[in-house]
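Trainee: Below is a structure I'd like to ask you about.
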Amino acid sequence: MSEQTAMRSKSRRILVGAVLVLVAAMVVPLTGYVYVAVAQPQIETAADWQETNPRSEYWREVRQGTEGYSAVKGPAADVLIDNGGQIFRQIRNGPISTFGPWVLAIMLLGVAGMFVLSGGGQKVEKPLSGKRVPRWSAYVRVVHWIMAIAFLLLLITGLSLLFGRAVLIPLLGAEGFSAWAITAKYIHNFTGPVFAVTLVLLVLSMLRDNLPSKVDVDWFLKGGFAGKHVPTGKLNAGEKLWFWFNAVGGLVVAVSGVVLILPNIFEARSTMQLALLVHAGLALLYIGGSFVHMYMGTLGARGALDAITKGHVSSEWAEQHHDLWYHEVKKDGEEFVSDEDDARSNREMPATGSGSTA
Amino acid sequence: MARMKFLCDADRCIECNGCVTACKNANEVPWGVNRRRVVTLNDGLPGEKSISVACMHCTDAPCAAVCPVDIFYTTTDGIVLHDKDLCIGCGYCFYACPFGAPQFPKTEAFGMRGKMDKCTFCAGGPPEDGSEEEFEKYGANRIAAGKLPACAEMCATKALLAGDGDMVADIYRQRVMRRAGRPQTWGWGKAYGEA
Ligand code: HEM
Ligand code: SF4
Ligand code: SF4
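Sequences listed follow chains A and B, in order. The first sequence begins at 1 in our numbering and counts up one residue at a time. The second sequence begins at 1001 in our numbering and counts up one residue at a time.
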């Protein structure tokens, strides 16, 4: 009996000891803070008393990029050494240049995988009856395509600037690439503002259709992204995700781009360094996302392209992909059977309208 | 082979801007561009010091690393030059340069950048040495004529030294030995990867 109690108290002592050692191991190093807190004022007073060495202060200021005075005026003229440039170089020539192509390659492979797994893209299952429902107004379609063309131009010219040195100089030679790069810079700089304006217009006119709802949560939970049919309204959660990526990420790309084309207004070097890194990094993700969007709009969901070219979709497509919306539209009596009906619907749809609320 | 370097002796520089003027004069640089500038820290306070700065002609130059059209080259003298004909005026070199050396004439429409201009160590550029085209685009080629950069030659206090790095370092070391205090080869760590 007593032997057992002794054993138990011994093991308890070991346990308590172990816990104490653990706690001590965590707490003792923290005393460094106490030392720093106590010692700091002392160090400072000692330094004051000895008088700081103005020389070493000076070189520290030079290294830290402290602003001075220069009779020469111009961006960054008052600073001797700027350390941000090194970070800029490392991030642009490092992660952005190395991970960027991977992002694009993975997205392309992902799209190819979706194509194969879905057996060549989702086709409309029921035979087409010829009935149609209106989907996007002429205004939305025009703005979408101006924006899409601008996006493609920005994509081609932007990637030329980022990867041309590695990819195009070996192909075109230094002179040839330089000629293209100058053209690309002009195209990029003038298309940019067009893209920015159309992006804002499109975001505003599609905002109402893209507000998140409970159905969207179900879409994710029930595997809508994997191609399963989950009841959805006018836009499914995947489409809404792309919308919000455009509304937020696209806007940041646009704003940083506008900063970059105005070097006379945003003179600070640090602003420009940050703007270019954010611009290039997000643009690569944006391009990757656009691959999925372009695939879904053409091969991924057959019949979807009509929505943004002709403005209407077949009733069968609508029922298969956006059943909740389809039933609503049908109930409102907006299903059309003939081309004249289509023409009328195009005329009558309000500029910002979606079919369901017209 | 020589390895050309700049060194500004902060204990001698009197902020007269003679180097800035000499450079503008020798190279006839574009309007609004100053290849060299003098920066004064603690202006008007005890411990005030000035340094004359231009392109430092870096080893492993950051400007060259980020240029999308890859137009920089380093001469056998260690001078970093660029080909203006191929420059697209993107400004990336200016973002990367620690010394704020690349400059852009504001001649383009909508305030877009023109071709980059910077100190050439008075060594001109890609066109034939001493040719009119070279002078038009890049300024004087004094190196080809056996002379040193105009700024350093003009410096009245000999604060600004330019030439082979070893010789510059020797001159500076001798000066410092006669002064109390440690040598300060300012900017060399950043530009050449050494103290
Ligand atoms: C709002 C519109 C935009 C504006 C104003 C804009 C502006 C700029 C500017 C000024 C640059 C620096 C190069 C230069 O001076 O030409 C740049 C680079 C770049 N842009 Fe844009 N851009 C816009 C949209 C886009 C979009 C939508 C994409 C992608 C599809 C994109 C991709 C890129 C890329 C990849 C670079 C190269 C970055 C690098 O070389 O590090 N841009 N952009
Ligand atoms: S000082 Fe600036 S411009 Fe000159 S070589 Fe170094 S990074 Fe390039
Ligand atoms: S401005 Fe000219 S030199 Fe500078 S990075 Fe761009 S293309 Fe190269």
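Each residue gets a CB set at the ideal place from its N, CA and C atoms; glycine is no exception.
By DSSP, does B:Met1004 sit in helix, in strand, or in coil?
Mentor: Residue numbering aside, residue 1004 of chain B sits at position 4 when the second sequence is read from its first letter. B:Met1004 falls in the strand class under three-state DSSP.
Trainee: Tell me which residue opens and which closes the alpha helix (DSSP H) that A:Val140 is part of.
Mentor: Within the first sequence, residue 140 of chain A is the residue found at index 140, counting from 1. 138 to 206 is the span of the alpha helix (DSSP H), which, as asked, contains A:Val140.
Trainee: As a quick exercise: from A:Leu152, A:Val203, A:Val27, pick the residue whose alpha carbon is nearest that of A:Ile187.
Mentor: Mapped onto the first sequence, residue 187 of chain A falls at position 187. Measuring from the Cα of A:Ile187, the nearest candidate turns out to be A:Leu152.
Trainee: List, in order along the chain, the chain A residues whose C-beta lies closer than 9 Å to that of B:Lys1158?
Mentor: In the second sequence, the residue the question calls residue 1158 of chain B occupies position 158. Those do not exist, as B:Lys1158 stays about 20 Å from chain A at its closest Cβ, beyond 9 Å.
Trainee: Under the rule that 16 or more other beta-carbon atoms within 10 Å means buried, what is B:Gly1187, buried or exposed?
Mentor: As a first step, residue 1187 of chain B is located in the second sequence; it is residue number 187 there, counting from the start. Burial call: buried.
Trainee: Rank B:Cys1055, B:Ala1065, B:Cys1019 by C-alpha distance to the C-alpha of B:Met1154 and give the top, closest one.
Mentor: The sequence position of residue 1154 of chain B within the second sequence is 154, counting from 1. Answer by Cα proximity: B:Cys1019.
Trainee: Check whether the Cβ atoms of A:Tyr326 and A:Ser314 sit closer than 8 Å, and answer yes or no.
Mentor: Taking the first residue of the first sequence as position 1, residue 326 of chain A is located at position 326. Taking the first residue of the first sequence as position 1, residue 314 of chain A is located at position 314. Taking 8 Å as the Cβ cut-off, A:Tyr326 and A:Ser314 do not qualify as a contacting pair.
Trainee: What residues in the segment 1085 to 1106 of chain B bring their beta carbon closer than 9 Å to a beta carbon of chain A?
Mentor: Flagged, chain order: Asp1085, Leu1086, Cys1087, Ile1088, Gly1089, Cys1090, Gly1091, Tyr1092, Phe1094, Tyr1095, Ala1096, Cys1097, Pro1098, Phe1099, Gly1100, Gln1103, Phe1104, Lys1106.
Trainee: Would you kindly check if the distance between the Cβ of B:Ala1140 and the Cβ of B:Ala1002 is under 8 Å?
Mentor: As a first step, residue 1002 of chain B must be located in the second sequence, where it is residue number 2. As a first step, residue 1140 of chain B must be located in the second sequence, where it is residue number 140. No, the Cβ-Cβ distance between B:Ala1002 and B:Ala1140 is not below 8 Å.
Trainee: Which runs of the beta strand (DSSP E), 3 residues or longer, sit entirely within the segment 278 to 324 of chain A?
Mentor: Here the runs fully enclosed are 312 to 314.
Trainee: Give the straight-line distance between the Cα atoms of A:Phe115 and A:Ser290, rounded to the nearest whole angstrom.
Mentor: Within the first sequence, numbered from 1, the residue matching residue 115 of chain A stands at position 115. Within the first sequence, numbered from 1, the residue matching residue 290 of chain A stands at position 290. Taking the straight line from one Cα to the other gives about 16 Å.
Trainee: Does the distance from the C-beta atom of A:Pro75 to that of B:Gly1111 stay below 8 Å?
Mentor: Sequence index remark: in the first sequence, residue 75 of chain A carries index 75 (1-based). Sequence index remark: in the second sequence, residue 1111 of chain B carries index 111 (1-based). Result no, Cβ atoms of A:Pro75 and B:Gly1111 do not sit closer than 8 Å.
Trainee: Taking B:Gly1111 as the query, report the chain A residues whose CB atoms sit under 9 Å from its CB, ordered along the chain.
Mentor: As a working mapping, residue 1111 of chain B is identified with position 111 in the second sequence. By Cβ distance, chain A contributes Ile261, Leu262, Pro263, Asn264, Ile265.
Trainee: With burial defined as no fewer than 16 other Cβ atoms inside 10 Å of the residue's Cβ, what is the status of A:Val337: buried or exposed?
Mentor: For the purposes of this step, residue 337 of chain A is taken as the residue at position 337 of the first sequence. Result: exposed.
Trainee: Quick one: what's got a C-beta closer than 7 Å to A:Trp219's C-beta in the same chain, skipping five residues either side?
Mentor: By 1-based counting over the first sequence, the position of residue 219 of chain A is 219. Closer than 7 Å at Cβ, skipping near neighbours: Val230, Thr232, Asn236, Ala237.
Trainee: Select from A:Ala181, A:Trp136, A:Trp145, A:Phe99 the residue whose C-alpha is nearest the C-alpha of A:Thr157.
Mentor: Residue 157 of chain A sits at position 157 when you count from the first residue of the first sequence. The shortest Cα separation from A:Thr157 among A:Ala181, A:Trp136, A:Trp145, A:Phe99 belongs to A:Ala181.
Trainee: Does the beta carbon of B:Lys1196 sit closer than 8 Å to a beta carbon anywhere in chain A?
Mentor: Beyond the ends of chain B as shown, which are 1001 and 1195, falls residue 1196 of chain B; an answer cannot be given.
Trainee: When you compare each of A:Gln90, A:Val62, A:Val27, A:Trp317 to A:Gly130 by their alpha carbons, which one comes out closest?
Mentor: Counting from one through the first sequence, the residue named residue 130 of chain A turns up at place 130. Nearest C-alpha to A:Gly130: A:Trp317.
Trainee: So with Cβ pairs under 8 Å, would you call A:Phe177 a contact of chain B?
Mentor: Within the first sequence, the letter at position 177 stands for residue 177 of chain A. So, interface residue.
Trainee: Note down the Cα distance separating A:Ala18 from B:Thr1185, rounded to an integer number of angstroms.
Mentor: As a working note, residue 18 of chain A is residue 18 in the first sequence. As a working note, residue 1185 of chain B is residue 185 in the second sequence. Going by the C-alpha atoms only, they are around 55 Å apart.
Trainee: Based on the DSSP output, what are the partners of A:Gly223 in its beta bridges?
Mentor: Counting from one through the first sequence, the residue named residue 223 of chain A turns up at place 223. According to DSSP, which records beta bridges pairwise, A:Gly223 is partnered with nothing at all.
Trainee: Compute the Euclidean distance between the alpha carbons of A:Ser160 and A:Gly173, then round it to the nearest angstrom.
Mentor: Translated into positions along the first sequence, residue 160 of chain A becomes position 160. Translated into positions along the first sequence, residue 173 of chain A becomes position 173. Rounded to whole angstroms, A:Ser160 to A:Gly173 spans 14 Å at the Cα level.
Trainee: With a threshold of 8 Å between beta carbons, is B:Glu1074 in contact with chain A?
Mentor: Translated into the one-based positions of the second sequence, residue 1074 of chain B becomes position 74. It should be noted that the sequence gives Thr, not Glu, for residue 1074 of chain B. False, the Cβ-Cβ gap to chain A never drops below 8 Å.
Trainee: To the nearest angstrom, report how far apart A:Glu57 and A:Thr191 are at their CA atoms.
Mentor: Residue 57 of chain A sits at position 57 when you count from the first residue of the first sequence. Residue 191 of chain A sits at position 191 when you count from the first residue of the first sequence. Going by the C-alpha atoms only, they are around 48 Å apart.
Trainee: Tell me whether A:His229 sits in a helix, a strand or coil according to DSSP, three-state version.
Mentor: As a first step, residue 229 of chain A must be located in the first sequence, where it is residue number 229. In the structure shown, A:His229 sits in coil (DSSP, three-state: anything other than H, G, I, E or B).
Trainee: So B:Arg1173 is in the alpha helix (DSSP H); what residue range does that whole segment cover?
Mentor: If you number the second sequence from 1, residue 1173 of chain B lands on position 173. That run of the alpha helix (DSSP H) goes 1165 to 1177.
Trainee: Checking 8 Å against the spacing of the C-beta atoms, do B:Val1080 and B:Cys1055 come in under that value?
Mentor: Here the question's residue 1080 of chain B lines up with position 80 in the second sequence. Here the question's residue 1055 of chain B lines up with position 55 in the second sequence. Yes, Cβ-Cβ distance for B:Val1080 and B:Cys1055 is below 8 Å.
Trainee: Near A:Ala307, what residues of its chain come up, given a Cβ to Cβ distance below 8 Å and the 5 sequence neighbours on each side ignored?
Mentor: Taking the first residue of the first sequence as 1, we reach residue 307 of chain A at position 307. Closer than 8 Å at Cβ, skipping near neighbours: Arg135, Trp136, Val313.
Trainee: What does DSSP give as the partner residue(s) for A:Ser70 in the beta ladder?
Mentor: In the first sequence, the residue the question calls residue 70 of chain A occupies position 70. Answer by DSSP bridge pairing, in chain order: B:Val1039.
Trainee: For A:Thr5, which three-state DSSP category applies?
Mentor: One-based indexing of the first sequence puts residue 5 of chain A at position 5. Here A:Thr5 sits in helix by DSSP.
Trainee: Can at least three beta-carbon pairs, one atom from the segment 210 to 226 of chain A and one from the segment 135 to 150 of chain A, be found at a separation below 8 Å?
Mentor: No, because fewer than three Cβ pairs between the segment 210 to 226 of chain A and the segment 135 to 150 of chain A fall closer than 8 Å, the two stretches do not touch.
Trainee: On a CA-only basis, which of A:Gly100, A:Asp82, A:Arg92, A:His322 is nearest B:Pro1068? Give me that one, please.
Mentor: Translated into positions along the second sequence, residue 1068 of chain B becomes position 68. The shortest C-alpha separation from B:Pro1068 is found at A:Arg92.
Trainee: Examine ligand 1 and report whether any of its heavy atoms sits within less than 7 Å of the Cβ of A:Arg92.
Mentor: In the first sequence, the residue the question calls residue 92 of chain A occupies position 92. Yes, ligand 1 has a heavy atom inside 7 Å of this Cβ.
Trainee: Quick check on this structure: which residue in A:Leu155, A:Val217, A:Val167, A:Ala150 has the alpha carbon closest to the alpha carbon of A:Phe195?
Mentor: Along the first sequence, read from residue 1 onward, the residue named residue 195 of chain A stands at position 195. Residue A:Ala150 is the option with its Cα nearest to A:Phe195.
Trainee: Using DSSP with H/G/I as helix, E/B as strand and the rest coil, what is B:Phe1135?
Mentor: Stepping through the second sequence from its first residue, residue 1135 of chain B is reached at position 135. Helix at B:Phe1135.
Trainee: Helix, strand or coil: how does DSSP classify A:Ser129 here?
Mentor: On the first sequence, residue 129 of chain A is found 129 positions in, with the first residue counted as 1. Note: A:Ser129 maps to coil in three-state DSSP.
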